[in-house]
Amino acid sequence: MSEEFDRYKAICMIAKHRLIHMYDIAFALDRDITTIERILHRLEALGIVSMDGLFVEYIEEVEEGKEDWWIMVSTIDPEYYTQRGFIKVGNVVVAPFSPALSKLVRASDMSFTGTSEAAEKEWYTSYGGLTPIKYMMEAERILVQAIKTREREGRGDIKLLEKACKELKKASIIARERYVPPERELTLDISMEGGFEDILRLVKQYFKSKELEIVKSVLSRIRGVGFTPEQ
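The sequence shown: position 30 = 43 (this note's numbering), numbered continuously.
Structural data, given as structure tokens:
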């Protein structure tokens, strides 16, 4: 039964993120990577996802006009849904919309599809936001943007370096503590005082150290404590 729950949770993750690293799915669900690979291959055979190396893309055909969330407004058994990836938002339970989840909806329960700002906010503080690899890659993207801006415009944007470091710190906290920190906790670990090139040099060193730490933390979680990744 547990793998059935994980299968639906994986569908929720992929349907919401659209493109996601396999390690993030395993980490968010707190499962070993072998189990997640087995689930993903089954979803691929069903035409719900497509796999390219370690990346998983949501490809299920969705009827045009469908909204972002399944919203269960009346059910006598909310735990039935939360066990399968739905999350509680106030007095309702919700999940990212996917036709593959429709078979879960009991005839006796009232539901509809729609948009929900509250669901969007709650999702990223629940298991849906436990995606350290995603945040690490976003930090890398911002860092590259800062470097290209410097090359293109001849001046450095220190605010971009600051943003990249905060995004990387978020990834680090998630990987280490399985907790999505609020913005107020994302204080800088390195000084942003000085010239752009000097700060960039410090930021690159910070990234090298933090990214190794993040990957090791994630792998130790999804492959067993004490696992040492190949160099």
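Where a beta carbon is used, it is the ideal one built from N, C-alpha and C, also for glycine.
Just so it is clear, the structure is predicted and the values come from calculations on it, not from any experiment.
No Cβ-Cβ contact shorter than 8 Å links ILE49 with ILE61. Our two residues, THR144 and ILE89, have alpha carbons roughly 31 Å apart in a direct line. Membership of GLU196 in any alpha helix (DSSP H) is not indicated, and neither H nor E is assigned to it by DSSP. Judged by their CB atoms, MET205 and ILE171 are nearer to each other than the 8 Å cut-off.
At the C-beta level, LEU56 and TYR140 stay beyond 8 Å of one another. The stretch 18-38 makes contact with the stretch 68-75: 3 or more CB pairs, one atom from each, lie closer than 8 Å. A residue is called buried when at least 16 other Cβ atoms come within 10 angstroms of its Cβ; GLY98 meets this threshold and is buried. For THR138, the three-state secondary structure derived from DSSP is coil. Burial of PRO109 is indicated by the presence of at least 16 other C-beta atoms within 10 angstroms of its C-beta.
The three-state reading of DSSP puts MET150 in helix, counting H, G and I together.
Here ILE235 is buried: its Cβ has 16 or more other Cβ atoms, across all protein chains shown, within 10 Å.
DSSP places ASP211 in the helix class (H, G or I) of the three-state scheme. Straight-line measurement puts the Cα of HIS34 at about 7 Å from the Cα of LYS147.
CA-CA distance, LYS179 to GLU133, rounds to 21 Å. ASP65 is bridged by DSSP to PHE68. Using a Cβ-Cβ distance cut-off of 8 Å, the stretch 181-191 and the stretch 214-230 are in contact, since at least three pairs of beta carbons, one from each stretch, lie closer than that value. Per the DSSP secondary-structure output, SER87 pairs in a beta bridge with MET123.
In this structure, TYR36 places its C-beta atom within 8 Å of the C-beta atom of LEU67. A distance below 7 Å between beta-carbons, with the five flanking residues on each side excluded, links MET64 to the following residues of its chain, in chain order: LEU53, GLU57. Secondary structure at LEU59: coil, using DSSP grouped into helix, strand and coil.
Beta-carbon to beta-carbon, SER124 and MET149 are separated by about 35 Å, too far to satisfy the 8 Å threshold. According to the DSSP assignment, ALA108 belongs to the beta strand (DSSP E) that extends over 105-109.
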